[in-house]
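Student:
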Amino acid sequence: MSATPVAINVKLNARLQPEHRLQLFEDPLDAMLEGAGIGEIMGGGTALSEEGEVEYGDLEIQLHDAAALPNLIEALEQLGAPKGSLIQREGEPDLAFGITEGLGLYLNGTDLPDEVYEQCDSNYVFDQIVERIDGHGEVCSWWQGPSETALYLYGASFDTMAERIADLLASYPLCQGARVVQIA
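The sequence shown lines up with residues 13 to 196 when you count with the numbering used here.
(1) Is the beta carbon of Glu51 sitting closer than 7 Å to the one on Leu88?
(2) Which one of Glu62, Arg191, Ala59 and Tyr166 has the shortest CA to CA distance from Ala93?
(3) Quick one: measure Cβ to Cβ for Gly189 and Asn120, integer angstroms, because I've assumed they're closer than 8 Å.
(4) Tell me whether Gly147 is buried or exposed, calling it buried when 16 or more other Cβ atoms sit within 10 Å of its Cβ.
(5) For the alpha helix (DSSP H) that contains Phe170, what are its first and last residues?
(6) Could you tell me how far apart the beta carbons of Gly56 and Arg33 are, in whole angstroms, since I believe they sit closer than 8 Å?
(7) Apply the 10 Å Cβ neighbour rule to Met13 and answer buried if 16 or more other Cβ atoms are within range, or exposed otherwise.
(8) Since Arg191 is in the beta strand (DSSP E), which residue starts that stretch and which ends it?
(9) Determine the closest residue to Gly103 out of Val193, Leu186 and Asn21, with distance taken between C-alpha atoms.
(10) Can you tell me whether DSSP reads Glu86 as helix, strand or coil?
(11) Between which two residues does the beta strand (DSSP E) holding Gly167 run?
(12) Sort Tyr118, Leu181 and Met44 by Cα distance to Arg144 and report the nearest one.
(13) Smallest Cα separation from Leu205: which of Ala168, Val193, Thr161 and Glu65?
Dropping the structure here:
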């Protein structure tokens, strides 16, 4: 008896710009699926808020057989799929998966004194965060909105990432009034 292909939508609970979703998930996952002979990615998309911030990403996948679903989930989790991600199939309940936690750091882009924006550099903030969370997470994407700039960090523990950047947020002028939000 031959297997029946199954269409799956993967709703990634990740705030990734399309190019970051492609780099971190689509390309490596497609290679894994095709290499194992169990399926392929058919497309993807990005859901945006009214302000243009990424809310989540979708991957449209065709598995050659529904029995390969555990392999798909394992591959996505190996790639760092965030908690709260979902497998969606027609006629089936959503299936939650994911292993990483997410931290959104929102820098105030409009309300600080002018000299803070003139004297401080968001690239410095980025570099300092990368250094501080090394081995505990990574900055996977970012967004520049009308009044805030967000950096999206993903790692094993939201609390650990928040603790490791707390001194930077408390001391660097550009981080005044920054919001830290758990996003996964």
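For each residue, glycine too, the CB sits at the ideal point set by N, CA and C. Here the structure is a predicted model, which is why all the values come from computation and not from measurement.
Tutor: Judging by the given coordinates:
(1) Along the sequence shown, one-based indexing puts residue 51 at 39. Along the sequence shown, one-based indexing puts residue 88 at 76. For the record, residue 51 in the displayed sequence is Gly; it is not Glu. No, the Cβ-Cβ distance between Gly51 and Leu88 is not below 7 Å.
(2) Sequence index remark: in the sequence shown, residue 93 carries index 81 (1-based). Here the closest residue by C-alpha is Tyr166.
(3) Within the sequence shown, residue 189 is the residue found at index 177, counting from 1. Within the sequence shown, residue 120 is the residue found at index 108, counting from 1. Yes, Gly189 and Asn120 are in contact; Cβ-Cβ is about 4 Å, under 8 Å.
(4) The residue you call residue 147 lines up with position 135 of the sequence shown. Exposed.
(5) To locate residue 170, count along the sequence shown from 1; it is residue 158. Phe170 to Ser183 is the span of the alpha helix (DSSP H), which, as asked, contains Phe170.
(6) By one-based count along the sequence shown, residue 56 stands at place 44. By one-based count along the sequence shown, residue 33 stands at place 21. Between Gly56 and Arg33, the beta carbon gap of about 7 Å places them in contact (Cβ cut-off 8 Å).
(7) Along the sequence shown, one-based indexing puts residue 13 at 1. Confidence in Met13 is poor, its pLDDT being 43 and thus under 50, which makes the residue's placement unreliable; the coordinate value appears in the next sentence. Exposed: under 16 other Cβ atoms inside 10 Å.
(8) By 1-based counting over the sequence shown, the position of residue 191 is 179. In the DSSP assignment, Arg191 falls within the beta strand (DSSP E) that extends over Arg191 to Gln194.
(9) Counting from one through the sequence shown, the residue named residue 103 turns up at place 91. Distance check between Gly103 and each of Val193, Leu186 and Asn21 places Asn21 closest, using alpha-carbon atoms only.
(10) Position 74 of the sequence shown, counted from the start, is the residue given in the question as residue 86. In the structure shown, Glu86 sits in a helix (DSSP, three-state: H, G or I).
(11) Translated into positions along the sequence shown, residue 167 becomes position 155. Run containing Gly167: Glu160 to Gly167, per the beta strand (DSSP E) assignment.
(12) One-based indexing of the sequence shown puts residue 144 at position 132. Taking only the C-alpha atoms, the option nearest Arg144 is Leu181.
(13) The structure shown has nothing for residue 205, since the chain only spans 13 to 196.
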